[in-house]
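If you read the protein sequences in the order shown, they are chains A and B.
When the letters of the first sequence are read in order and numbered with our numbering, they come out as residues 1 to 289.
When the letters of the second sequence are read in order and numbered with our numbering, they come out as residues 1 to 289.
Protein chains: 2
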Amino acid sequence: MFEARLKEAAQQVEAHLTEVMAPLGDLPVVAAMRYASAGGKRLRAFLVMETARLHGVKPEHAIWAATAIEAIHAYSLVHDDLPCMDDDDLRRGLPTTHIKWDECTAVLAGDALQTLGFECVSRPDCHPNAEVRAALTVSLARAAGAQGMVLGQALDIAAETASTPLTLEEITALQAGKTGALIVWSATAGAVMAQADTAPLQRYATDLGLAFQIADDILDVEGDAATVGKAVGKDADAGKATFVSLLGLEGAKAQAARLVAQACEALSAYGDAADALRDAARFVVARDS
Amino acid sequence: MFEARLKEAAQQVEAHLTEVMAPLGDLPVVAAMRYASAGGKRLRAFLVMETARLHGVKPEHAIWAATAIEAIHAYSLVHDDLPCMDDDDLRRGLPTTHIKWDECTAVLAGDALQTLGFECVSRPDCHPNAEVRAALTVSLARAAGAQGMVLGQALDIAAETASTPLTLEEITALQAGKTGALIVWSATAGAVMAQADTAPLQRYATDLGLAFQIADDILDVEGDAATVGKAVGKDADAGKATFVSLLGLEGAKAQAARLVAQACEALSAYGDAADALRDAARFVVARDS
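Spelled out as C-alpha cells, the structure:
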C-alpha cells in the first residue's frame, strides 16, 4: 500500500509542478527549474499527502503544500550541488543543474524554485482558511531558513574545516536542520491543515528524519554510485564525521532500526490508518538510493 | 519632508532587521545576512511605510512588510554580485558578501534572506487579517520569482550573449522585472494592507521603477565609482544596450523627467498627502549614488 501511495503522490506532484510552471515560459532558467524539480522519490510530497488523508484534508488542497515542499527541496539540492558548495556533478543519475546549464542559471533557478514554494503554500488554492495558509508559510520559512535547513547546511560547511570531528550530539543537531526540518514540516502539514494536534506526527517525523540521514550515511559507505545516483564515499574520503564513523556500521544500522520502531509507535493514536506512514519509515532505512 | 521620512524609514527598518535576526545566532552565514542587509537607501522600505501612512495602516504592521522587501532586495543583491553572475567586488562602497566571506556563505546568506522575507510578510505581526498577509505573500512571490525579478535577471544574462543588442521595448520589459517588480510591490503594499484600490499607486510605481533604472544607466555613464559605491562604466565596456545607449544621454534624461512627471500625476487623487511620494520620484532621478 505504501509503495502505491508513494508512486501516486509522486505522479500527482510531478503533474502539478508541470501545471504550476506552465505559465513561466521557456527561458533557460525556467527549463532549469523544470529539470531540477523533476524526479526523485517524492518522500516529502508523500508525507504531506498521506498526513492530509489521515486528517481528512482534501487532496486538491494538500497537493499545493506537497508541491511547495518539493519546490523548496529541489531549490536546496540545486544550490547544494554548486561548485562552491558540495561541487557535485551527478544527482539522481543525471548531470546536476549547473553542469547541464551553468552556475548562473543554477543559482537563479534555485532562487526561483524557493520563491515558487512560498507562492504555492500561500495561494488560496492551498487552503480555504487564510490563517492556515499563513501558518503553513511561516512554519515552512522557519524550516527552510537560518534556524532550519540553512542552519544545518552552514553547520555542515563549518564542520569541514573544524579542527576536531563533530560529536554525535552535534551531528544530530546538524541533521535536524539540514534534512530534518523539511521532513518534519511535510509530516505535520496534514495536521496543520486540519487544525489538529501535530504532536504525534512531530515525534514520528523527528525520528524518521534522523533515521533517513543515518540511512544516507550507510548508503555513502555501502552503496554503489550507479544505484544511489550520486557520488558515494565522499564523506569518508573527506574525513568527515558521520553516523557511521561515530557509531560503526552495525551500530548505525541498529540505531536506525530503533528510530524506525519509535517513529511507528508515535503513530499509535492513529491505529491501522497510519500503516502507510509506518511502511514509509521502514522504507526510508531499507532503500538503496 | 521626503528626506526626513526616507531617513526615518531607513532607521526603522535597520533596527527591525537587527531585531528579527537577533535570535539567529552568530554563525558566519548569519553574520553575512546581517552585513548584506545593512545600509542602502531603503527606498523600498520608504515606499511601504509611506503608502501605509497614506492609507492609515499602522506603522507597527507596515514595518514587517518593509523588512520583508528589504530582505528580499538584499538577497537579490548578494546573488547578483556572485562571480557567476555580475562578479562585483564592491557594493555601497564595501566589499561584496562573497568577497568578505566566500561564495558558499554568500549563496546561503542570500537564500536565507529570501526565506526571511517570506517569513516576515506572513507573520501575524504584519497584519491582523490573514487574508491580507497571504495576498501580500503571493504578490511578493510573483514579484520576486520567475515572472518578476528572476525573469528580469535571466533576460539580462541572455542579453549579454545575444547577437543583437536589445531594443527599447525589450530593455523596458527586462527592467520591469529586474527592478520594477519589487518597487511596484513596495509602493502598492500600503493600499493592499488597507484593502484599498491599488491602481493609482500601481501606475505611480511603474513609472518610478522605470525612471529609477534609467537614472541607474545614467549614473553608470556619468557617476564616479567612489560616489556611486560600485563599479561604473561596466555596461558600456560590455557593449550592453542601455537606456543611454538607445536614447542618448540627453534623451535618457528627458525620458526620466517625463516618467517622474507622469508618476506624480498618477497620485492626484491623494492630493498634498502624497507629496513625499512625489519628492521620492524626483529624488530617484536626481540621486548621485
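Backbone N, C-alpha and C fix where the C-beta goes; we use that ideal spot for every residue, glycine too.
Does any CB atom of chain A fall closer than 8 angstroms to the CB of H55(B)? The count along the second sequence starts at 1 and reaches residue 55(B) at position 55. With its beta carbon at least 8 angstroms from every one in chain A, H55(B) lies outside the interface.
Contact with chain B by E8(A), beta-carbon distance below 8 angstroms: If you number the first sequence from 1, residue 8(A) lands on position 8. No, E8(A) lies away from the interface with chain B (no Cβ there is under 8 angstroms from its Cβ).
For Q255(B), would you say it is in contact with chain A, using Cβ-to-Cβ distances shorter than 8 angstroms as the test? Here residue 255(B) corresponds to residue number 255 of the second sequence, with the count starting at 1. No - not a single Cβ of chain A is within 8 angstroms of the one on Q255(B).
Can you list the residues of chain A that A112(B) reaches, using a CB-CB cut of under 7 angstroms? The residue you call residue 112(B) lines up with position 112 of the second sequence. Under the 7 angstroms cutoff, chain A gives G145, A146 and V150.
Start-to-end residues for the alpha helix (DSSP H) that takes in Q175(A): The sequence position of residue 175(A) within the first sequence is 175, counting from 1. Counting along the chain, the alpha helix (DSSP H) containing Q175(A) begins and ends at L168 to Q175.
On the three-state DSSP scale, how would you describe L267(B)? Taking the second sequence and counting its residues from 1, one reaches residue 267(B) at position 267. In the three-state scheme derived from DSSP, where H, G and I count as helix and E and B as strand, L267(B) is classed as coil.
State whether the segment 60-69 of chain B contacts the segment 188-195 of chain B, with contact taken as three or more CB pairs (one from each stretch) at a distance under 8 angstroms. yes
Using only the alpha-carbon positions, how far apart do P124(B) and A32(A) sit? One-based indexing of the second sequence puts residue 124(B) at position 124. One-based indexing of the first sequence puts residue 32(A) at position 32. Cα-Cα distance, rounded: 34 angstroms.
Excluding the five sequence neighbours on either side, which residues of its own chain have a C-beta within less than 8 angstroms of the C-beta of A280(B), listed in chain order? By 1-based counting over the second sequence, the position of residue 280(B) is 280. Excluding sequence neighbours, A280(B) sits near F2, L6, L43, F46, L47, E50 and L208.
When burial is assigned at 16 or more other CB atoms within 10 Å of the CB, is L168(A) buried or exposed? In the first sequence, residue 168(A) corresponds to position 168, counting from 1. Result: exposed.
Measuring straight from C-alpha to C-alpha, what distance separates A109(A) and A176(B)? Start at 1 with the first residue of the first sequence, and residue 109(A) comes out as number 109. Start at 1 with the first residue of the second sequence, and residue 176(B) comes out as number 176. Their backbone Cα atoms lie some 19 angstroms apart in a straight line.
Might you give, ordered along the chain, the residues of its own chain that have their beta carbon closer than 7 angstroms to the beta carbon of T96(B), omitting 5 neighbours on each side? As a working note, residue 96(B) is residue 96 in the second sequence. D81, D88, D89 and L90.
Based on Cα-Cα distance, which residue from L210(A), V221(A) and S76(A) lies nearest to V284(A)? Numbered from its first residue, the first sequence carries residue 284(A) at position 284. Closest option to V284(A), Cα to Cα, is L210(A).
Using a Cβ cut-off of 8 angstroms (strictly closer), state whether Q153(A) contacts chain B. The sequence position of residue 153(A) within the first sequence is 153, counting from 1. So yes, Q153(A) belongs to the interface.
Can you confirm whether S122(A), when its beta carbon is compared against all beta carbons of chain B, has any partner nearer than 8 angstroms? Walking along the first sequence from the start, residue 122(A) turns up at place 122. Chain B contact via Cβ: present.
Quick check on A38(B) - is its C-beta less than 8 angstroms from some C-beta in chain A? Numbered from 1 along the second sequence, position 38 holds the residue referred to as residue 38(B). No, A38(B) lies away from the interface with chain A (no Cβ there is under 8 angstroms from its Cβ).
Short check: CB of S122(B) to CB of S122(A), under 8 angstroms? The residue labelled residue 122(B) in the question sits at position 122 within the second sequence. The residue labelled residue 122(A) in the question sits at position 122 within the first sequence. Yes, the Cβ-Cβ distance between S122(B) and S122(A) is below 8 angstroms.
Beta-carbon separation of A36(B) and A10(B) under 8 angstroms? What you label residue 36(B) is simply residue 36 of the second sequence in a count that begins at 1. What you label residue 10(B) is simply residue 10 of the second sequence in a count that begins at 1. Not in contact: A36(B) and A10(B) (Cβ atoms no closer than 8 angstroms).
Please classify L27(A): does DSSP put it in a helix, a strand, or coil? The residue given as residue 27(A) occupies position 27 in the first sequence. Three-state DSSP puts L27(A) in coil, outside helix and strand.
For A130(A), would you say it is in contact with chain B, using Cβ-to-Cβ distances shorter than 8 angstroms as the test? Residue mapping note: residue 130(A) aligns to position 130 of the first sequence, counting from 1. Chain B, which has a Cβ nearer than 8 angstroms to the Cβ of A130(A), makes this yes.
What would DSSP say about P165(A), mapped onto helix, strand or coil? Residue mapping note: residue 165(A) aligns to position 165 of the first sequence, counting from 1. If DSSP states are grouped into helix, strand and coil, P165(A) belongs with coil.
Looking at C-beta atoms only, is the number of pairs between the segment 155-172 of chain A and the segment 143-153 of chain B that lie closer than 8 angstroms three or more? Taking 8 angstroms as the limit for Cβ pairs, the verdict is that the segment 143-153 of chain B does not touch the segment 155-172 of chain A.
Applying the criterion that 16 or more other CB atoms from any shown protein chain within 10 Å of the CB defines a buried residue, is T242(A) buried or exposed? Mapped onto the first sequence, residue 242(A) falls at position 242. It is buried - the Cβ of T242(A) has at least 16 other Cβ atoms within 10 Å.
What are the boundary residues of the alpha helix (DSSP H) that C296(B) is part of? Because residue 296(B) is not part of the residues shown, which for chain B are 1 to 289, the question remains open.
Can you give me, in chain order, the residues of the segment 162-192 of chain B that have a beta carbon less than 8 angstroms from any beta carbon in chain A? Hits within the stretch: zero.
Ignoring anything shorter than 3 residues, give me the beta strand (DSSP E) runs that lie fully in the segment 12-63 of chain A, in order along the chain. none
Unbroken beta strand (DSSP E) runs of length 3 or more, entirely within the segment 184-241 of chain A: which are they? none
DSSP on P95(A), reduced to helix/strand/coil? Indexing the first sequence from 1 puts residue 95(A) at position 95. Looking at P95(A) - three-state DSSP - the assignment turns out to be strand.
Do S289(A) and G233(A) count as a contact pair if the criterion is CB distance below 8 angstroms? Your numbering for residue 233(A) matches position 233 in the first sequence. Your numbering for residue 289(A) matches position 289 in the first sequence. Cβ atoms of G233(A) and S289(A): not closer than 8 angstroms.
List the endpoints of the continuous alpha helix (DSSP H) containing C104(A). Taking the first residue of the first sequence as position 1, residue 104(A) is located at position 104. Taken as a continuous stretch (DSSP letters only), the alpha helix (DSSP H) holding C104(A) covers E103 to S122.
Q114(B) beta carbon less than 8 angstroms from that of Q114(A): In the first sequence, residue 114(A) corresponds to position 114, counting from 1. In the second sequence, residue 114(B) corresponds to position 114, counting from 1. Judged by beta-carbon spacing, Q114(B) lies within the 8 angstroms limit of Q114(A), meaning their Cβ atoms are closer than that value.
With a threshold of 7 angstroms on Cβ separation, who are the neighbours of I99(A) within its own chain once the five nearest residues in sequence on each side are excluded? As a position in the first sequence, residue 99(A) is number 99, starting the count at 1. Hits under 7 angstroms: D89.
Look at the alpha carbon of I69(B) and the alpha carbon of V244(B), and state the distance between them as a whole number of angstroms. On the second sequence, position 69 is the one that residue 69(B) refers to. On the second sequence, position 244 is the one that residue 244(B) refers to. Rounded to the nearest whole angstrom, the C-alpha separation of I69(B) and V244(B) is 28 angstroms.
E103(B) touches chain A at which residues, Cβ-Cβ below 7 angstroms? Taking the second sequence and counting its residues from 1, the one referred to as residue 103(B) is at position 103. Chain A residues near E103(B): C84.
Contact list for H79(A) against chain B, beta-carbon separation under 7 angstroms: Along the first sequence, one-based indexing puts residue 79(A) at 79. By Cβ distance, chain B contributes V107 and D111.
Interface partners of M33(B) on chain C, CB under 8 angstroms: Included in the structure are the protein chains A and B, with no chain C among them.
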